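Encoded as structure tokens, the structure appears first; notes follow it.
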Amino acid sequence: MAGTGQAGAAAPGPGFAVLYRWRLHPGTEDDFVRAWSRVSELLRAQRGSLGSRLHRGPDGIWYSYAQWPSAQARDAAFAADSVDPQASARMAQAIAERLPELVLESVADFMLPIADNGG
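Using the numbering used here, read the sequence shown as starting at 102 and increasing by one per residue.
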């Protein structure tokens, strides 16, 4: 069980994570990745995001998993103006369908931290 102190037990991760899901217009994938990367880097550097990952599923849906210290931190980050209006606009143009966000509660965390190579 998580948090019991037993060998091999996982501690809960950050308490707030969101799974974003989109279908993209064909041919916009590369621009979407560049724009998403720019926005995600700035959210981490300037607005307190704990980081995010972008995935493409075999179902044609694109998934982004983002972690935040709290729901309040995420709400505050998005209440302010966009960290990069041009990149945000490019993302929006690439999105054909925006699926509902899923808010996730971390109950066990076995992910390894990725070493920051200064880049």
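The beta-carbon is built from N, C-alpha and C at its ideal position, and this holds for glycine as well. Source: prediction; values computed, not measured.
TRP137 versus THR129: straight-line alpha-carbon distance, rounded: 12 Å
Residues of its chain near LEU125, where Cβ-Cβ distance is below 7 Å and the 5 sequence neighbours each way are ignored: PHE133, TRP163, ALA195, ILE196 and ALA197
Ordered list of alpha helix (DSSP H) runs contained in the segment 103–176, each at least 4 residues: 130–148
Cβ pair count under 8 Å reaching 3, the segment 138–150 against the segment 196–212: no
Residue burial classification, GLN187 (beta-carbon count within 10 angstroms, cutoff 16): exposed
Cβ pair ALA190, ALA118 closer than 8 Å: no
PRO201 (DSSP reduced to helix, strand or coil): strand
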